[in-house]
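Undergrad: There's a structure below that I have some questions on.
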Amino acid sequence: MIILGIETSCDETAAAVIEGGKNGISILSNIVASSQDMHAKTGGIIPEQAARQQVLSIIPVIEQALKEAKLDKNQLDAIAVTVGPGLIGSLLVGVETAKTLSLLWNKPLVPVNHLVGHLYANWLEKTPEFPALGLVVSGGHTDLVLMKGHGNLEWIGGTRDDAAGEAFDKTARLLNLGYPGGPAISGGAEKFLEKNSHRQLNLFPRPMLDDSSFDWSFSGLKTAVLREVQNKTLSEADKNKYAAEIQEAIVDCLVTKSVRAIDRYKPKSFLLAGGVAANKRLREKFSSEFETKKSMAAFHVAKPSYCTDNAAYIASCAFFNYLPKKWQEVTALPELTITGS
Ligand code: KG4
Ligand code: ZN
């Protein structure tokens, strides 16, 4: 089955063509156009501007995806599109384009939840076994879910306030490191760690680790960083040190609670997903946990470019959860949760 995926939930305009079959997924093309450089100038996303950029990029990106896949539209079996969650203006561009193409080309249309889609980046290269425990860490969401099978998701925990990605982005802003904050913090931290690999990093709090739930809270980190850096003139080296401290605090919280959830639910696989899953330190720390506890689940994380927003995982999700809808029934759902409510 050949599926065209379309993703426009935030500041990336993405289209991909995949072929799904008994042996898994082949990616025929995967095009991502980002308006991040534009948002870097304002230190964050202005939704209206992101949506306008989506309008400019969507048709060329879809054309490029078909061209690179060396396919004609007639060879497509279905179209998959992100319906939510995300910025309403951005989502509408992808959803309305997909609906129009579905009608014009007479192709089935599969609506995809962006957060569930992130988990399916882990099916692009391998085939994880069920039951699986999935951690989705993106710019706006932090959710831990138990997957007993395709389409069978149970939410077991998440953030009570800011998402992990938001914690990276907002603290990076406090350090004047630019947008998006995750890669900026990660880059600064790496420079610090090159020279200080054995330094204890425990300056900032790790909230809720004593709590028995599988929930997180990241909003206090912003305040702690603000208190620490306000009224100080920071050198490049200071910023890198704080970046390492911030990263370690976020990574510690995510890994500690996830490992506890693995002990409790004993899944066969653990799936790390979402833009923050591109973080090198987070990947390393999870890997070393799985190395030491050989009896734990199999650890899955896609390559970094598949973790951040793209349309290949949207199409992959549609392949494994093939539930087409009439185009008239598909709408953008900006507040959608990972379990579909
Ligand atoms: O999933 P994603 O690409 O978009 C959303 O669905 O939100 O996630 C974006 C988030 C941003 O907060 C960004 O700062 C973060 O992922 N991110 C990272 C890294 N790359 C992207 N965070 C930490 N380290 C990274 N290398
Ligand atoms: Zn995302």
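Per this note's numbering, the very first residue in the sequence shown carries number 77; after that it's consecutive. Glycine included, C-beta positions come from ideal geometry on N, C-alpha and C.
#1: Considering only C-alpha positions, which residue in the set Leu347, Asn355, Leu358 and Leu209 is nearest to tyrosine 341?
#2: For glycine 350, tell me which candidate among Leu253, Glu144, His194 and Ala387 has the shortest Cα-Cα distance.
#3: When DSSP builds the beta bridges, which residues end up paired with alanine 90?
#4: Where DSSP assigns a beta bridge to valine 186, which residues make up the other side?
#5: Secondary structure at glutamate 312, three-state DSSP: helix, strand or coil?
#6: If alanine 337 and glycine 233 are in contact, beta carbons under 8 Å, what's the gap, nearest whole angstrom?
#7: Does DSSP put histidine 194 in a helix, in a strand, or in coil?
#8: Would DSSP call alanine 354 helix, strand or coil?
#9: Pull up the CB-CB distance for glutamate 324 and leucine 277, whole angstroms please, since I reckon it's below 8 Å.
#10: In this structure, does DSSP put alanine 319 in helix, strand or coil?
#11: Could you check what DSSP says for isoleucine 103 in three-state terms: helix, strand or coil?
#12: Identify which residue in Ser289, Ile138, Arg236 and Glu124 has its Cα closest to the Cα of glycine 216.
#13: Do the CB positions of isoleucine 414 and leucine 177 come within less than 8 Å of each other?
#14: Rounding to the nearest angstrom, what Cα-Cα distance links valine 108 and arginine 128 in this structure?
#15: Kindly provide the chain-ordered list of residues whose Cβ lies closer than 5 Å to any non-hydrogen atom of the ligand ZN.
#16: Compute the minimum distance between the beta carbon of histidine 190 and the heavy atoms of the ligand KG4, and state whether it is under 7 Å.
#17: When the Cβ atoms of the segment 154-170 are set against those of the segment 125-145, are three or more pairs found closer than 8 Å?
#18: Within the continuous alpha helix (DSSP H) that includes serine 133, where are the two ends?
#19: Measuring alpha carbon to alpha carbon, tell me which of Ala90, Ser289, Phe396 and Gly120 ends up nearest tyrosine 255.
TA: So, from the listed chains and residues:
#1: Ranking Leu347, Asn355, Leu358 and Leu209 by Cα distance to tyrosine 341 puts Leu209 first.
#2: Comparing Cα positions, the closest option is His194.
#3: According to DSSP, alanine 90 bridges with Glu83 and Val108.
#4: Per DSSP, the beta bridge partners of valine 186 are Ala156.
#5: Secondary structure at glutamate 312: helix, using DSSP grouped into helix, strand and coil.
#6: That belief holds up - the Cβ atoms of alanine 337 and glycine 233 are roughly 7 Å apart, short of 8 Å.
#7: Note: histidine 194 maps to helix in three-state DSSP.
#8: Reduced to three states, the DSSP call for alanine 354 is helix.
#9: Indeed, because the Cβ distance is near 4 Å, the residues count as touching under 8 Å.
#10: In the structure shown, alanine 319 sits in a helix (DSSP, three-state: H, G or I).
#11: Of the three classes helix, strand and coil, the one that applies to isoleucine 103 here is strand, per DSSP.
#12: When Ser289, Ile138, Arg236 and Glu124 are compared, the shortest CA-CA separation from glycine 216 is found for Arg236.
#13: Contact: no.
#14: When rounded, the distance between both Cα atoms is 16 Å.
#15: With 5 Å as the limit between CB and the heavy atoms of the ligand ZN, the residues that fall short of it are Ser214 and Asp385.
#16: It does: the Cβ of histidine 190 is within 7 Å (strictly closer) of some heavy atom of the ligand KG4.
#17: At 8 Å Cβ cutoff, the stretches touch.
#18: Looking at the DSSP string, the run of the alpha helix (DSSP H) that includes serine 133 is 123-144.
#19: Tyrosine 255 has its Cα closest to that of Gly120, out of Ala90, Ser289, Phe396 and Gly120.
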